[in-house]
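Student:
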Amino acid sequence: MQKPVCGSLDPSDWADFRAQSHQMLDDMLSYVENIRQRPVWQPIPAETRAHFQESLPYLAGSLGAAHERFMHDVLPYTVGNVHPCFMGWVHGGGTPVGMVAEMLAAGLNANLGGRDQMPVEVERQVVRWMRELFRFPDTASGIFVTGTSMANLMSLLVARTAVLGSAVRQTGVHGSAAQLVAYTSSAAHGCIAQAMDLSGLGTSALRRIPVNARHQIDIEALQAAIDADRQAGLRPFFVAGTAGTVDVGAVDDLSALANLAHCHGLWFHVDGAYGALGMLAPDVAPQLVGIERADSLAFDFHKWGQVPYDAGFLLVREAARHMDAFAAPAAYLRREARGLAGGSPWPCDFGPDLSRGFRALKTWFTIKVYGAEKLGKVISETCRLARYLAAQVEADPALELLAPVALNIVCFRYRCADSDNANREIVADLHESGIAVPSTTTVNGRLAIRVAIVNHRTGAQDIDTLLSAVRAIGATRCAASSLENQCPTL
Ligand SMILES: *Cc1c(COP(=O)(O)O)cnc(C)c1O
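Just so you know, we're using our numbering here: the sequence shown kicks off at 8 and counts up by one.
In structure tokens form, the structure reads like this:
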């Protein structure tokens, strides 16, 4: 047996480490297995927070002690998105398969910036699968990133370079006479505007087009805005449609957007952060028709795809355009025809990251183990539950549906005199009760209880639990707020 190097960080007693590791794995499996026995969320006690304000530890501690601290102070106080009654924002539930795959990836400590290695081939396999799923051509490239916020930013940079030419990478956008203008809907995610900011194009060069009654971008208004900008001498170049808006889950008319973008020579991007993977579900896919015509598509495996955080993805129709925006020669990244420096192009040619983790592995495991059909069924089921919830809301005179349900998001309110405040309080009460976690948003100026069903563990009984809690809390809250309203306000 070879002795470890003195000073190495590997364990001196592997048997001991192995036992502790198995305990840690078992604890996490138990966490997932018994998640229903926990509150969805609970407030963090002050002393727990204080445990993480200690000074930098110089001396070694044991793995067992750190694990105990984790179990006691961290594990009980997360967002709760593993729990089936978590229905806030858009959070994926994760899976045990994804969890153990993460461990394998960490064990390899693979750096997927490039070079000739199988981990990069795993990522390329996922790229090929996504080409197939979204009916993109063989010329399409893809890359894992943190999330759709990053993927949207990258798509904007690819489009910018495509329209202005590679010289823009030296001159910057101000070196060009063309004043680029981009378009998206008023229901688009805030990261589109942020991408305009970060790319140097500026948020005032983003037109936020109004939406129709189904919360889809108004195609006529978009057409008019493009015409007006053209006439003003500006250069319309980019339109971002949304597949699954963050507020209500609306899907833009992607075919109409593709037509319009094509006819005006605009880059057609789709923010499909959570909705794009609806392609896996035969009953959802028809709503996404047109997505296959996108020049670029951003989405997350960590939402509807149930892959553990983080696993964002960018697919670009033409790999050459994609590389034009990011590839840069560097002596220390020289490519060779053979040896470990082979296998060009490398993932680092398709984005700003050089060191990159093995996000592809947990995604590959998730798709291999569950299969596209099963993952699609999970997506269909979340939509079915959303319709089930919406039907109950509509049948109850105490409740009001605030937006049409296209996918898996339901926005409603408890009817009450001081509606916005009452519904805000209802949601906060729900959070603190640990029973269920919806979030809030504003729909047509009114505060809505927003339920996004993303988790594969959520069932009809969880919707019932949520609804009866909303009714019970709503009745008390509303009675209280009408009493308060009787008091004179100063
Ligand atoms: C979640 C979401 C984003 C942001 O994606 P991240 O992965 O959180 O960066 C962008 N757009 C939409 C429509 C989303 O739902």
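Ideal placement from N, C-alpha and C gives every residue a C-beta, glycine not left out. Model, not experiment: these values are computed from the prediction.
Going along the chain, which residues of its own chain have a beta-carbon closer than 8 Å to the beta-carbon of L497, five neighbours each way excluded?
Tutor: Caution is warranted here: a pLDDT of 49 is assigned to L497, below 50, making its placement in the model unreliable, and the coordinate value is therefore given only provisionally. None.
Student: Cβ of H6 within 7 Å of any heavy atom in ligand 1?
Tutor: This structure gives no information on residue 6, because the portion of the chain shown stretches from 8 to 497.
Student: Indicate whether T373 and V461 have their beta-carbon atoms separated by less than 8 Å.
Tutor: no
Student: Taking the DSSP output, what are the residues bridged to C423?
Tutor: Answer is none; C423 lacks a bridge partner.
Student: Within the chosen definition, does the stretch 257-268 reach the stretch 296-313 through at least 3 CB pairs nearer than 8 Å?
Tutor: yes
Student: At what residue ranges does the stretch 392-455 contain a whole run of the alpha helix (DSSP H), taking only runs of 4 or more?
Tutor: 426-440
Student: Among T472, F357, A482 and R457, whose alpha-carbon lies nearest the alpha-carbon of A405?
Tutor: The shortest C-alpha to C-alpha distance from A405 to any of T472, F357, A482 and R457 is the one to A482.
Student: Please indicate yes or no: does the CB of G154 lie closer than 7 Å to some heavy atom of ligand 1?
Tutor: yes
Student: Could you tell me which of L321, A443, T449 and S15 sits nearest to V86, measuring between CA atoms?
Tutor: For V86, the closest of L321, A443, T449 and S15 by C-alpha to C-alpha distance is A443.
Student: Is any non-hydrogen atom of ligand 1 found closer than 7 Å to the C-beta of A280, if you look at the structure I gave you?
Tutor: A280: yes, Cβ under 7 Å from ligand 1.
Student: What is the DSSP secondary structure of P91, counted as helix, strand or coil?
Tutor: Residue state, collapsed to three classes: coil.
Student: Identify, in the order they occur along the chain, each residue of the same chain with its Cβ nearer than 6 Å to the Cβ of Q18, setting aside the five sequence neighbours on each side.
Tutor: For the record, residue 18 in the displayed sequence is Pro; it is not Gln. Excluding positions up to five away in sequence, the list reads F24.
Student: Suppose the cutoff is 7 Å on Cβ atoms and the five residues either side in sequence are ignored; what does the same chain contact list for I226 look like?
Tutor: D260, A263 and L267
Student: What are the uninterrupted segments assigned as alpha helix (DSSP H) that are 4 or more residues long and contained completely in the stretch 160-213, given in chain order?
Tutor: If you keep only unbroken alpha helix (DSSP H) runs of at least 4 residues inside the stretch 160-213, you get 175-178 and 197-205.
Student: In chain order, what residues of the same chain have a beta carbon less than 7 Å from the beta carbon of H329, not counting five sequence neighbours either side?
Tutor: S148, V165, V323 and F357
Student: Who are the near neighbours of P91 in its chain, counting only those whose CB is closer than 6 Å to its CB and skipping five residues on each side?
Tutor: N462, R464, T465 and D469
Student: Residues bridged to R345 by DSSP?
Tutor: In the DSSP output, where bridge partners are listed per residue, R345 has none listed.
Student: Taking the alpha carbon of V296 as the point to measure from, which residue in A108, H309, F308 and G282 has its own alpha carbon closest?
Tutor: G282
Student: Taking the alpha carbon of V253 as the point to measure from, which residue in F306, G240, C13 and W136 has its own alpha carbon closest?
Tutor: F306
Student: For ligand 1, is there a heavy atom less than 7 Å away from the beta-carbon of D254?
Tutor: no
Student: Can at least three beta-carbon pairs, one atom from the stretch 387-401 and one from the stretch 164-180, be found at a separation below 8 Å?
Tutor: no
Student: Helix, strand or coil, according to DSSP, for G114 in the structure here?
Tutor: helix
Student: Measure the beta-carbon distance from Q27 to L70 and round it to whole angstroms, keeping in mind my assumption that it falls under 8 Å.
Tutor: 5 Å
Student: Quick one: what's got a C-beta closer than 7 Å to G207's C-beta in the same chain, skipping five residues either side?
Tutor: Closer than 7 Å at Cβ, skipping near neighbours: G179 and V180.
Student: Just the C-alpha distance for L36 and R56, rounded to the nearest angstrom, thanks.
Tutor: Approximately 25 Å, taken between the alpha carbons.
Student: Hey, out of V477, L409, G319 and A435, whose CA is closest to R366's CA?
Tutor: For R366, the closest alpha carbon among the candidates V477, L409, G319 and A435 is that of G319.
Student: For H79, does the count of other Cβ atoms within 10 angstroms reach 16, so buried, or fall short, so exposed?
Tutor: Around the CB of H79, fewer than 16 other CB atoms lie within 10 Å, so the residue is classed as exposed.
Student: Considering only their Cβ atoms, is the gap separating P411 from R221 smaller than 8 Å?
Tutor: Yes, the Cβ-Cβ distance between R221 and P411 is below 8 Å.
Student: Identify which residue in S193, V458 and I480 has its Cα closest to the Cα of S440.
Tutor: I480
Student: Put V323 into one of helix, strand or coil per three-state DSSP.
Tutor: strand
Student: When the Cα atoms are used, what is the spatial distance from C270 to E109?
Tutor: Distance between the alpha carbons of C270 and E109 is about 44 Å.
Student: So is the beta-carbon of D307 under 7 Å away from any non-hydrogen atom of ligand 1?
Tutor: yes
Student: Within 7 Å: the Cβ of V450 and any heavy atom of ligand 1?
Tutor: no
Student: Leaving out the 5 sequence neighbours to the left and right, which residues in its chain are closer than 6 Å to T249 when beta-carbon positions are compared?
Tutor: Hits under 6 Å: A195, D259 and D278.
Student: In this structure, what does DSSP give as the bridge partners for P243?
Tutor: V188
Student: Here's the rule: buried if 16 or more other CB atoms are within 10 angstroms of the residue's CB, otherwise exposed. What is G99?
Tutor: Its Cβ being crowded by 16 or more others within 10 Å, G99 is buried.
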